[in-house]
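Heads up: the structure comes next, in structure tokens.
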């Protein structure tokens, strides 16, 4: 079945440093979504990418969808302590009956 | 609009018992999905319902079942509980299946002793 892996599993950065998490799917995706889960909370939708090669920005966050629609990345510039949490990508394989598969997640810790 | 609500929020059961969890989606949302989240396994997909029909099912044993009602509310049931079923069970609703974001509820924390 479809697998979605994320690297790294965990990253600890100093506030102000940049952070990137990578998402790789075993199958071609129709779209990719990113979610953030704060400690003790539930996943919250951040963004969706649909087109091959698409890049979207939200303030300090930059999201990319690969040309082959099998990988994606989330880059945070100048991290802040409010960025702490686990970031998940989630994608549906092409085909109307496919389920949304979540990646393994990257936990980000930011310290002063 | 009110968010996704899940009841109960916390539950303690013993091995062998069964449990029913409830999810009320955002008004107007017809798609409801269920996930199991554990520290070691991440977010594992359980089922997806759309307009009362199960559209997808994850790789869980038959002890896990679910349904969706005509008002889009959904329930999931786990029979013959095992210790390994201890997890956070998350429900998410969306307006459509493919191109709409999922809105998650706060989850039900199930502990099996």
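Residue numbers (the numbering used here), protein chains in the order written: chain A, 1145 to 1256; chain B, 7 to 119.
Glycine residues also receive a C-beta, built at the ideal position from the N, C-alpha and C atoms.
Just so you know, these numbers come straight off a predicted model, no measurement behind them.
Going along chain B in order, which residues have a C-beta closer than 7 Å to the C-beta of residue 1186 of chain A? As a working note, residue 1186 of chain A is residue 42 in the first chain. Neighbours of residue 1186 of chain A on chain B, chain order: 96, 110, 111, 112, 113.
Return the CA-CA distance between residue 1178 of chain A and residue 1154 of chain A, expressed in angstroms with no decimal places. Position 34 of the first chain holds residue 1178 of chain A. Position 10 of the first chain holds residue 1154 of chain A. Roughly 17 Å between the two C-alpha positions.
Indicate the three-state DSSP secondary structure (helix, strand or coil) for residue 90 of chain B in the structure shown. To locate residue 90 of chain B, count along the second chain from 1; it is residue 84. The answer is helix: DSSP assigns residue 90 of chain B an H, G or I state.
Quick one: Cα of residue 1148 of chain A to Cα of residue 119 of chain B, how far? Sequence index remark: in the first chain, residue 1148 of chain A carries index 4 (1-based). Sequence index remark: in the second chain, residue 119 of chain B carries index 113 (1-based). Those two C-alpha atoms are separated by around 32 Å.
If I follow the unbroken beta strand (DSSP E) through residue 1173 of chain A, where does it start and stop? In the first chain, counting from the first residue as 1, residue 1173 of chain A sits at position 29. Residues 1173 to 1181.
Against chain B, with Cβ distances strictly below 8 Å, would residue 1193 of chain A count as a contact? Here residue 1193 of chain A refers to the residue found at position 49 of the first chain. Cβ-Cβ to chain B under 8 Å: no for residue 1193 of chain A.
Taking C-beta to C-beta, are residue 1169 of chain A and residue 1249 of chain A nearer than 8 Å? Working through the first chain from its first residue, we reach residue 1169 of chain A at position 25. Working through the first chain from its first residue, we reach residue 1249 of chain A at position 105. No, the pair does not count as a contact, with Cβ atoms beyond the cut-off.
At a CB distance below 7 Å, what residues from the segment 46 to 58 of chain B approach chain A? Give them in sequence order. 48, 49, 51, 54
With 16 other Cβ atoms within 10 Å as the buried cut-off, status of residue 1237 of chain A: Taking the first chain and counting its residues from 1, the one referred to as residue 1237 of chain A is at position 93. By the neighbour-count rule (16 or more Cβ atoms within 10 Å), residue 1237 of chain A is buried.
Excluding sequence positions up to five away, which residues of its chain have a Cβ less than 6 Å from the Cβ of residue 110 of chain B? For the purposes of this step, residue 110 of chain B is taken as residue 104 along the second chain, with counting starting at 1. Closer than 6 Å at Cβ, skipping near neighbours: 96, 98.
Can you list, in chain order, the residues of its chain whose CB lies under 8 Å from that of residue 1203 of chain A, leaving out five sequence neighbours each side? Within the first chain, numbered from 1, the residue matching residue 1203 of chain A stands at position 59. Contacts found: none.
Quick one: which chain A residues come within Cβ less than 9 Å of residue 39 of chain B? Locating residue 39 of chain B in the second chain gives position 33, where the first residue counts as 1. 1243, 1244, listed in chain order.
Reducing DSSP to helix, strand and coil, say where residue 119 of chain B ends up. Position 113 of the second chain, counted from the start, is the residue given in the question as residue 119 of chain B. The answer is coil: DSSP assigns residue 119 of chain B none of H, G, I, E or B.
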